[in-house]
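In this note's numbering, the protein residues as written are 17 to 657.
So the structure is just underneath, and the comments pick up after that.
Structure (structure tokens):
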């Protein structure tokens, strides 16, 4: 089975907002990481008693490979080479690489999965056969101690997670078969999936991931609702489908992702509470405990990118854009050196704690970069007739075709600005297609090819198939009017978006007030009483409400985007009605210092009582760390400050 769109063939160099974030992430985060700790824990066997240190090397290393692919410097490659030599040096005579002294400790196979992913990523970028051989020996040992020994992988790991983290081993096994063609690896992969339908030690009916998805069971009710780990399993199933063309594999992934989009993903493009699915789309207006784990954001984006590649469905490109500009970029510290563990829609944004002192890191700190650094792979893709442009970030791009390359520049300052220009510097011979995404939010989009207007529809790809010439240009103007979004679970809560960007209130930028305010829409009309000349505004029915907000761009030095949004103050039936403006900024810029007591709010109750707009003391709820005194003059919060 072939992919509709091929990822990773184009070369990208972003020069806009996303490019700046990627550069910071690489310079101050990924390439500054002391990865030696990630190797040494394999010698020390730190996971024998239940830790999960084994995941850190592979998570970080796959980010480092992506960083090298984006910035191909000798220094970056040397980091990769040294790190992979380090991990290969801990391989045991029987092929085993594990952070545990005994097989099948709580997170043993989970950690091995990430080692395999790292080794295979290095092989792809370097062609180093020793890395592929190392991965093969690791897997041969796994086959010996599981499939050949009659040990069910669903019986391995934490009982409360029903062995699901171990089940996600599927993805690197599929990739190993792709690279070697050794049938035993394909047999092992299909064996792993078959175990999901069999009863075992932890679950008499089996985890039944495929059956649950095919039956449209809500994600919260499939096996165990551990969002990150279950999505990781479906990543592997999707890749197995491409090898086997078994439709039930694809249909299960498609159904699962559709249900996640419908029931779990919140307005900023992520989900989960306490790392678990929870029907979160319907619960997102309140202060939530440990919301939107960054590992969930990263894995959801990787799964969406894979679905975009396999299906060509622009819905996934739309969702990737939302997740990128909001949940993902909001989770990264401004300088790229650290990440949040959880990201609230209401509450204080807090940095991730150091989860394990020995590695001086956190799962989300090494996982967030994996999603950010994968953006160049889906921003521009290839299809059988030409190229596909999914993201309008400023930059220089080179995309290969059979008879030459497309080289082009994107400019315009999107999404802060509504106009985008694509200018072609080099084009291949013959007729080729250029597909570019018309976002679903843009209800009225102007498109011009060399000045000639072209028709297009929102929520589609516009395709131009022709002989291209150097100097050709495509210009677009998107509908970036501020929109009002009603919460899926509560008509009394509203939010404001501009294009793909979610706006939020920030306590640092909101003056104290005792008023109750209502978000205004452009269907609200002032009335004037002819007798008293009183100016007033009546309430609307839900059907009369418009989704267009009154908003104008504003300056805010420490925010990427800022708008002054109009609200109505209406203390009593007809008297003293007046308009008031509040400053709303892009979600990712709100609370982004990770240092203060600032609070953010996305969903605004109607009316919004301003003294209660920003709840106090939420950081312990957001971070999942108790705030009470431990009896020695300190509290649990001191550990991450």
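Note that CB positions come from ideal geometry on N, CA and C, so glycine has one too.
Please read all numbers here as calculations on a predicted model, not as lab measurements.
> Of all the options 548, 598 and 542, which has the alpha carbon lying nearest to the alpha carbon of residue 555?
Replying inline: On the chain shown, residue 555 is found 539 positions in, with the first residue counted as 1. The candidate whose alpha carbon is nearest that of residue 555 is 542.
> DSSP on residue 483, reduced to helix/strand/coil?
Replying inline: On the chain shown, position 467 is the one that residue 483 refers to. Reduced to three states, the DSSP call for residue 483 is strand.
> If we ignore side chains and look at the alpha-carbon of each, how far apart do residue 563 and residue 440 end up?
Replying inline: On the chain shown, position 547 is the one that residue 563 refers to. On the chain shown, position 424 is the one that residue 440 refers to. Distance between the alpha carbons of residue 563 and residue 440: 37 Å.
> Tell me which same chain residues have a C-beta within less than 7 Å of the C-beta of residue 83, skipping the five on either side of it?
Replying inline: Here residue 83 refers to the residue found at position 67 when the chain shown is read from its first residue. Closer than 7 Å at Cβ, skipping near neighbours: 42, 46, 47, 92 and 389.
> Excluding the five sequence neighbours on either side, which residues of its own chain have a C-beta within less than 8 Å of the C-beta of residue 656, listed in chain order?
Replying inline: For the purposes of this step, residue 656 is identified with residue 640 of the chain shown, where counting begins at 1. Any answer about residue 656 is weak, because its pLDDT of 46 lies below 50 and its placement is not dependable; what the coordinates show is given next. So the list reads 366, 367, 368, 369, 370, 639 and 641, once near-sequence residues are dropped.
> Run through DSSP, which three-state label would residue 535 get?
Replying inline: Counting from 1 along the chain shown, the entry for residue 535 is found at position 519. Three-state DSSP puts residue 535 in a strand.
>> Quick check on DSSP: helix, strand or coil for residue 646?
In response: One-based indexing of the chain shown puts residue 646 at position 630. Any reading at residue 646 must be qualified, since the residue scores a pLDDT of 49, below 50, and its modelled position is unreliable; the value itself is stated next. Three-state DSSP puts residue 646 in coil, outside helix and strand.
> So is residue 335 buried or exposed if we call it buried at 16+ other beta carbons inside 10 Å?
Replying inline: Counting from 1 along the chain shown, the entry for residue 335 is found at position 319. That one is buried.
> How many whole angstroms separate the CB atoms of residue 343 and residue 292, which I take to be in contact at a CB cut-off of 8 Å?
Replying inline: Within the chain shown, residue 343 is the residue found at index 327, counting from 1. Within the chain shown, residue 292 is the residue found at index 276, counting from 1. Incorrect: roughly 17 Å between the Cβ atoms, too far for contact.
> What are the start and end residues of the alpha helix (DSSP H) that includes residue 188?
Replying inline: Your numbering for residue 188 matches position 172 in the chain shown. Counting along the chain, residue 188 sits inside the alpha helix (DSSP H) bounded by residues 186-196.
> Around the C-beta of residue 537, are 16 or more other C-beta atoms found within 10 angstroms, so that it is buried, or is it exposed?
Replying inline: Here residue 537 is taken as the residue at index 521 of the chain shown, counted from 1. Flag for residue 537 reads buried.
> Within 10 angstroms of its Cβ, does residue 255 collect 16 or more other Cβ (buried), or is it exposed?
Replying inline: Along the chain shown, one-based indexing puts residue 255 at 239. By the C-beta density criterion, residue 255 is buried, having at least 16 other C-beta atoms within 10 angstroms.
> When DSSP labels each residue in this structure, what does residue 218 get in the three-state scheme?
Replying inline: Translated into the one-based positions of the chain shown, residue 218 becomes position 202. Coil at residue 218, not helix or strand.
>> Just list the residues that DSSP pairs residue 440 with in beta bridges.
In response: Start at 1 with the first residue of the chain shown, and residue 440 comes out as number 424. Residue 440 has 424 as its beta-bridge partners, per DSSP.
>> Is the beta carbon of residue 173 closer than 7 Å to that of residue 122?
In response: Taking the first residue of the chain shown as position 1, residue 122 is located at position 106. Taking the first residue of the chain shown as position 1, residue 173 is located at position 157. Yes, these two residues count as a Cβ contact at 7 Å.
> Taking just the CA atoms, how far does residue 258 sit from residue 18?
Replying inline: By one-based count along the chain shown, residue 18 stands at place 2. By one-based count along the chain shown, residue 258 stands at place 242. Approximately 7 Å, taken between the alpha carbons.
> residue 392 lies in the alpha helix (DSSP H); which residues open and close that run?
Replying inline: Reading the chain shown from its first residue, position 376 is the one you call residue 392. If you look at residue 392, you'll find it in the alpha helix (DSSP H) that goes 391-395.
> Hey, how far is the Cα of residue 107 from the Cα of residue 182?
Replying inline: Taking the first residue of the chain shown as position 1, residue 107 is located at position 91. Taking the first residue of the chain shown as position 1, residue 182 is located at position 166. Looking at the two C-alpha atoms, the distance is approximately 20 Å.
> Quick one: Cα of residue 624 to Cα of residue 401, how far?
Replying inline: The count along the chain shown starts at 1 and reaches residue 624 at position 608. The count along the chain shown starts at 1 and reaches residue 401 at position 385. Roughly 52 Å between the two C-alpha positions.
>> Is the beta carbon of residue 300 closer than 7 Å to that of residue 323?
In response: Position 307 of the chain shown, counting from 1, holds the residue named residue 323. Position 284 of the chain shown, counting from 1, holds the residue named residue 300. Taking 7 Å as the Cβ cut-off, residue 323 and residue 300 do not qualify as a contacting pair.
>> List, from N- to C-terminal side, the alpha helix (DSSP H) runs of 4 residues or more that fit wholly inside the region 297-384.
In response: For the region 297-384, whole alpha helix (DSSP H) runs of length 4 or above, ordered along the chain, are 310-327 and 330-339.
>> Could you compute how far the alpha carbon of residue 28 sits from the alpha carbon of residue 39?
In response: Counting from one through the chain shown, the residue named residue 28 turns up at place 12. Counting from one through the chain shown, the residue named residue 39 turns up at place 23. When only Cα atoms are considered, residue 28 and residue 39 end up about 13 Å apart.
> Assuming residue 169 contacts residue 211 under a Cβ cut-off of 8 Å, what Cβ separation, rounded to an integer in Å, is found between them?
Replying inline: Within the chain shown, numbered from 1, the residue matching residue 169 stands at position 153. Within the chain shown, numbered from 1, the residue matching residue 211 stands at position 195. Between residue 211 and residue 169 the Cβ distance is about 6 Å, and since that is below 8 Å, they are a contact.
> Can you tell me where the beta strand (DSSP E) with residue 123 in it begins and where it stops?
Replying inline: As a first step, residue 123 is located in the chain shown; it is residue number 107 there, counting from the start. Careful: residue 123 lies outside any beta strand (DSSP E) and carries neither H nor E.
> Are the Cβ atoms of residue 603 and residue 515 separated by less than 7 Å?
Replying inline: Your numbering for residue 603 matches position 587 in the chain shown. Your numbering for residue 515 matches position 499 in the chain shown. Taking 7 Å as the cut-off, the Cβ atoms of residue 603 and residue 515 do not count as close.
> Helix, strand or coil for residue 655 per DSSP?
Replying inline: Position 639 of the chain shown, counted from the first residue, corresponds to residue 655. For residue 655, the pLDDT reaches just 47, beneath the cut-off of 50, and the residue's location in the model is therefore unreliable, although a value from the coordinates is still provided. If DSSP states are grouped into helix, strand and coil, residue 655 belongs with the helices.
>> For residue 605, would you say it is in contact with chain B, using Cβ-to-Cβ distances shorter than 7 Å as the test?
In response: As a matter of chain content, chain B is missing from the structure shown, which is built from one protein chain.
> By DSSP, does residue 142 sit in helix, in strand, or in coil?
Replying inline: Mapped onto the chain shown, residue 142 falls at position 126. In the three-state scheme derived from DSSP, where H, G and I count as helix and E and B as strand, residue 142 is classed as helix.
>> Applying the 10 Å Cβ sphere with the 16-neighbour rule, what's the burial state of residue 21?
In response: Numbered from 1 along the chain shown, position 5 holds the residue referred to as residue 21. That one is buried.
> How about the region 468-479 and the region 257-276: do they share at least three Cβ pairs that are nearer than 8 Å?
Replying inline: Segments in contact, no.
> When burial is assigned at 16 or more other CB atoms within 10 Å of the CB, is residue 26 buried or exposed?
Replying inline: As a working mapping, residue 26 is identified with position 10 in the chain shown. Residue environment: residue 26 is assigned as buried (16 or more neighbouring CB atoms within 10 Å of its CB, all protein chains considered).
> What did DSSP end up calling residue 18 once you bin it into helix, strand or coil?
Replying inline: Along the chain shown, read from residue 1 onward, the residue named residue 18 stands at position 2. Looking at residue 18 - three-state DSSP - the assignment turns out to be coil, as it is neither helix nor strand.
> At what residue ranges does the region 264-296 contain a whole run of the beta strand (DSSP E), taking only runs of 3 or more?
Replying inline: Runs found: none.
> In three-state DSSP terms, what is residue 41?
Replying inline: Your numbering for residue 41 matches position 25 in the chain shown. When secondary structure is reduced to three states using DSSP, residue 41 falls in the helix class.
>> Below 6 Å, is the gap between the Cβ of residue 48 and the nearest heavy atom of the ligand MG?
In response: In the structure on display, the ligand MG does not appear, and there are no ligands present to speak of.
> Hey, would you say residue 228 sits closer than 7 Å to residue 221, going by beta carbons?
Replying inline: As a position in the chain shown, residue 228 is number 212, starting the count at 1. As a position in the chain shown, residue 221 is number 205, starting the count at 1. Cβ distance not < 7 Å, so residue 228 and residue 221 don't count as in contact.
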